[in-house]
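Chains as they are written, first to last, in my numbering: chain A, -5 to 376; chain B, 977 to 1493; chain C, 8 to 373; chain D, 1231 to 1601.
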């Protein structure tokens, strides 16, 4: 054997011996589906929802497909690592696609975790952020969602389905959340979840949107304001259902399904005063009506459209009002002013916190009805 | 290279020699032969002397292509020995030696005089033996072809249960013989062409005069003559030159290995092209329906044959559309599946990580790989690999939760259905289109499938093979012929041939005047 | 020009008349006449026959196919201008049928997909179709019409056998004669699309036989629509039929074979998309071909790609919501049909008659 | 291309709805309750565990809002199209059916063939609880459809009603819907769902009900449905003797006629009977008794039909569709009277004629003899 080949062989052997020290075999690790962080007695409580590995067919029956472990630490890293004190396997945090922030923590200071989350390479930045409202993140993670094995995968899915069907809340990713937290002129929001009693026992329910002001949580938006927030976010959205009163006197209501819509937000500078011009263009379908009124007629369409537009506008206004009350620029208007009128921002930027609650808005909503599904008229009962 | 050419003492190059006539002097012949066949170890050049006065002769052939016994017995022996037995007593002084040799002395059945090197080369190349005599610028070529060839075996790729089992092989003459044995009429024409600048391949076009439309025969000859290529090794070389539309997946010319099938098609007025060295015959024009029929249909009693044909139609559509329909149904149109079945499918998809479309794509790709692997692998390993692949991988993938069971069933069923299509060409098209449909179904569901179907149909109706619409007799509709498409019409009512534009004799039975022997 | 066979001409005519009407007419008839809607469908045979005779007369007394025929009878400037108006009309009809179809799919199958995607995909297929040329389109139409008619027949039979209650058609009398006239008229306007025979009649094997083919196509149309209306009414009754946006489609949802084959609406849409393709491609072809003649262009096939954008944008902008579209379909489009496919041909007919009389009187004088 | 999959729904992101129920809560909100089945993958040995039923509830101001409100606490998309039963809560039915009828008609995801039931006495949550407890998918919402069909064939009490029929009868003048009713009874510690009577709707609300006997009368007037029925008659000779017959098929015809300016209904029912059993010692099933048996059966049916008519006329709800029949066969008369139909209907005279034919017997020709 030549000298070269012996050296090569030795080199390969060394590689084998020293190279394995960073590998983690899957069966020695626990897959973390969701992460919960809360503040409890001055310490950070970290909860992890560990997925119980199961082959298809070996359905676990009554016992849940996950296990929640939690540990306390003075910092996030400490909390995360203290899990190993009570769990034999190495937690694979990189798989977590849900981050539940406890209300207590949110109200105190996000700075406790922000740096650690940003720095930690194994926390996925496209995980979904939610705030646990009036419950602890551990309980949220511990609750089983009907038909789902893991609540950590169910909540993002719930947010997504709900957005297409109801159109109230919007999914917020960790990356987006941290980004808004770090940038001036915009404050983050995150949908809130809470626990309710349902027919199937405890269930997780989306309930409001948590509004942050700087690094602290300032309050919640209710569902109507959350809907307004979704309309106010610049860009295209799909889906949603809005409910408007019937156009004429009478008890009836009309359900309109929003197919797609687009929002543009511009900052106008008139005499040193910032006015936000919001343009909303949407289209929808006539989804249902209650009562016997003969609503669906060609001549009534403009009326319906204007009522929808009013409804959307008032949702937006409600949201703006609440945000201004909480003095939290969740719409990123400061950012818009900065990008469209840098000079003005240079002047106003430092005092934006005081200016924001007084910013005037001009909302223009255009809504068009398109289709009416299976019947093209209101039913006439005889 | 001009300076070489200008050198007076330089020998003419082989290229120049080829186009000249054979010189009279044997020495010159000899030197030109040496030029031509320099470095050809398999050439045999034998010089000899015969007759009285002695005449020099020379014989050329390729070793391995000729029957040496025949050369010895029928050419050399008469010339060298038996010449004395003739009443001329070997005195050839004032006679036309070559004519005597040709007509009186040597005895091969096939004998022809050639005058150019070009032809001589071609003839020896195909196994003939050339005899050159000093003083005459003419060579005698005797048909002494005999080489090792595959016997007549039953074709592997087109298996029938009933009916003849013979297939073509690589020797053109054997193939034409098989055809001639089946069609004895003098109207059965076999025209010969030589194509390929280097390979000098024999190509024949056969048809039945009075049945095949003359205009079509002329067109085919024109197109075949137009081919200018260095070599023809298989019929596909010709096919790609002569088809009408060469930007389409659909095969417009049929390949077959079966002489009986060719004869059947010839009787319908079609034209067949055979190439020396390839067992595949081209039959043209061919339409879509030719790809889903097999000769078996006509050898089986018509009722089961019709049912089998229906089955094949179903299988054809299944192999084309099943995966895409499945994907469309379970991602867009859940309402179509009965509730109980839907629950089962939902349960089996529970925990599958991929979207249905990706799942289908993966499995289909895997299946195609297995299929290709099964073809290319040595015969002994092939089946083992396909079984291992199909059974073990499929089962393991389901158990591992990578794919869902119904998808495996769908892909497997598609695979089986695609093997039902008798023509390899057609099933190739189907295999490619299937992926197109799969994409469409993932994007727009059933709507997408239909739109792709319209586009495919559009392409199919736009095609024609030598003037015959590809989808005939479906579109343009021919009610008389359509009954032989969906079902196999019994022979006793199958009175007329499928109509081709310009066909003169359309009757198969009864009143049809059988023109010519 | 490519020759087309008589059966291809028949398929082209049926393919142009039936698919769209199949979806919209039964509901309209039920709306106007409630349970008696089917009567109007069958009554339309009488004036329809008149139209066939009218078109046949013009066809037999002309030497050139349609857009050139206008120039032949009306003279250069007028004929050309009118021809150009017809081009616009055909483009509009193409966009309209595309839009109606997309609205239908949006309503019933894929509500989330933007309309522009549907229209874009269809236009792509249509442009390919026109590029293939009329001979190939005729062959495609054969396949489409055969598939479509078989499917419709089976469907109608199944519905009548499963869901049909003949009592729902009662009482037969008590017609509102105004509505009956309107309903018959609507049917007649659809039949007036036979107008395109003025182009296609010249390319079919024998011009003299075009009349018979037209008659057959007209009768097929009446039968299909009549049967469909009957079956819809028998399945739903007058009241429900008249409130449904697309009653024929809703009827398909009732089909249930052995509890296994159910909810086959998507198959219906699949077959029906072929029909819509046929309508759109034929009207568009007429537009392109007319444009070729009017502007003395080299080949109509290149016009298709050029007008594609126009057709696409028109079909998106044609109406803002489905109610408007239905009004368009039920009021505006019939008026267009009436003017361009009935009144103008009648004028043309009178003109030819007058010319013929004059020339014959001239002859007799000489 | 990938952006255009707007309507793509993977099946494992969806929940297959088996049933949906609608009710009005006390606070005026609409409650929407849906039942779905949790798909359970087949285990490796091939045996399936019983699939679990889950009910999800949403509330909102309208039906659609309530249905979509579920997505605030349920993560999967519902496939409504497979729901083949619809339960309507009593509260909603008593208040106003127009709250949901437009939703039922307009929604492309709901099928016209869905069977509609009224839930009486209990809340829809109770019904769902009872359905979920039973565990097996086959006996839950889908089972109830089978139940009513089998019941109609075997017993002939209640007539199923499809969604489209409910809507048609609400929309068409001259006919009103009647819905089969469901309730829950306690049986030991188990809840059991039973069919009990039929709810009578007038205009847009529930106004009363038919008891089982009246329901049977109603059943015999709906000859377009699945047929069958059990008729037990008391054999008057001795107190214990009974004869039980099965109605194999029947046709019923209602025709209006006008007598002295007054509208009358002539109802013809033709029945084919099969002899099922004898109770008591008498040899009832003998040729001589055939006419009497037929007569008694006729009387029985007649009585049931009459009681149904009386109840309908008392409630003044034209569930029998007499108005529609009049419109069909006496269009002239109907045109004049349509406006006052409410006043006319309770006093319309009726004439019921039943013709029964005893066609077949079981395995034995004679009654069982005790020795």
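All residues carry an ideal CB built from backbone N, CA and C; glycine is no exception.
Item	Value
Can you list, in chain order, the residues of its chain whose CB lies under 6 angstroms from that of residue 365(C), leaving out five sequence neighbours each side?	none
Between the alpha carbons of residue 208(A) and residue 181(A), how many angstroms are there, rounded?	6 angstroms
For the region 178 to 190 of chain C, enumerate the residues whose C-beta is nearer than 7 angstroms to any C-beta of chain D, in chain order.	178, 180, 181
Count Cβ pairs between the region 1260 to 1276 of chain B and the region 1200 to 1210 of chain B that sit closer than 8 angstroms; are there 3 or more?	no
So with Cβ pairs under 8 angstroms, would you call residue 1539(D) a contact of chain C?	no
So for residue 106(C), helix, strand or coil by DSSP?	helix
Can you list the residues of chain A that residue 1506(D) reaches, using a CB-CB cut of under 7 angstroms?	The contacting residues do not exist; residue 1506(D) stays about 43 angstroms from chain A at best.
Could you give the C-beta distance for residue 302(A) and residue 253(A), rounded to a whole number, given that I count them as a contact under 8 angstroms?	At roughly 12 angstroms, the Cβ-Cβ gap does not stay under 8 angstroms, so residue 302(A) and residue 253(A) are not in contact.
Just checking: is the beta-carbon of residue 1267(D) within a distance shorter than 8 angstroms of some beta-carbon in chain B?	yes
Is DSSP giving residue 179(C) helix, strand or coil here?	coil
How about residue 1303(D) and residue 192(A): are their beta carbons less than 8 angstroms apart?	yes
Give the range of the beta strand (DSSP E) segment to which residue 1428(D) is assigned.	1420 to 1432
Which parts of the region 227 to 257 of chain C are runs of the beta strand (DSSP E), unbroken and 3 residues or longer, counting only runs that do not cross its ends?	none
For the region 1312 to 1330 of chain D, enumerate the residues whose C-beta is nearer than 7 angstroms to any C-beta of chain B, in chain order.	1312
Establish whether the CB of residue 119(C) and some CB of chain G are separated by less than 8 angstroms.	In summary, chain G is missing from the structure at hand, where the protein chains are A, B, C and D.
Short of 7 angstroms in beta carbon distance, which residues of its chain neighbour residue 1083(B), apart from the five on each side in sequence? Order them along the chain.	1050, 1054
By DSSP's criteria, residue 239(A) is part of a beta bridge. Which residues make up the other side?	247(A)
Leaving out five residues before and five after residue 1582(D) in sequence, what residues of the same chain have Cβ atoms less than 8 angstroms from its Cβ?	1497, 1499, 1532, 1535, 1536, 1539
Select from 1100(B), 1077(B), 993(B) the residue whose C-alpha is nearest the C-alpha of residue 1020(B).	1100(B)
Between residue 27(C) and chain B, is the shortest Cβ-Cβ distance under 8 angstroms, so that the two count as touching?	no
Report the residues of the region 218 to 252 of chain C with a CB closer than 8 angstroms to any CB of chain B, ordered along the chain.	none
For residue 114(C), which residues in chain D fall below 8 angstroms Cβ to Cβ?	1338
Are the beta-carbon atoms of residue 244(C) and residue 1556(D) separated by less than 8 angstroms?	no
Could you tell me the alpha carbon to alpha carbon distance between residue 1118(B) and residue 1348(B), rounded to whole angstroms?	46 angstroms
Is the beta carbon of residue 313(A) sitting closer than 8 angstroms to the one on residue 226(A)?	yes
Residues in the region 1447 to 1472 of chain D with C-beta within 7 angstroms of chain C's C-beta atoms, listed in sequence order?	1454
What residue ranges within the region 64 to 101 of chain A form continuous beta strand (DSSP E) runs of no fewer than 3 residues, ordered along the chain?	84 to 86, 92 to 96
Hey, could you find the ends of the beta strand (DSSP E) residue 1560(D) is sitting in?	Careful: residue 1560(D) lies outside any beta strand (DSSP E) and carries neither H nor E.
Can you tell me the Cα-Cα spacing of residue 1227(B) and residue 1444(B), whole angstroms?	13 angstroms
With 8 angstroms as the threshold, decide whether the Cβ of residue 249(A) is near any Cβ in chain D.	yes
Tell me residue 1034(B)'s beta-bridge partners as DSSP assigns them.	1023(B), 1108(B)
Residues bridged to residue 1402(D) by DSSP?	The partner list for residue 1402(D) (beta bridge, DSSP) is empty, contrary to what the question assumes.
With DSSP collapsed to three states, give me the class of residue 180(A).	coil
Return the CA-CA distance between residue 378(A) and residue 30(A), expressed in angstroms with no decimal places.	Residue 378(A) is absent from the structure shown; chain A starts at -5 and stops at 376.
Figure out for me which residue from 1408(B), 1173(B), 1122(B) has the closest Cα to the Cα of residue 1044(B).	1122(B)
Could you say which of 1306(D), 1588(D), 1577(D) lies nearest to residue 1544(D) if we only look at CA atoms?	1577(D)
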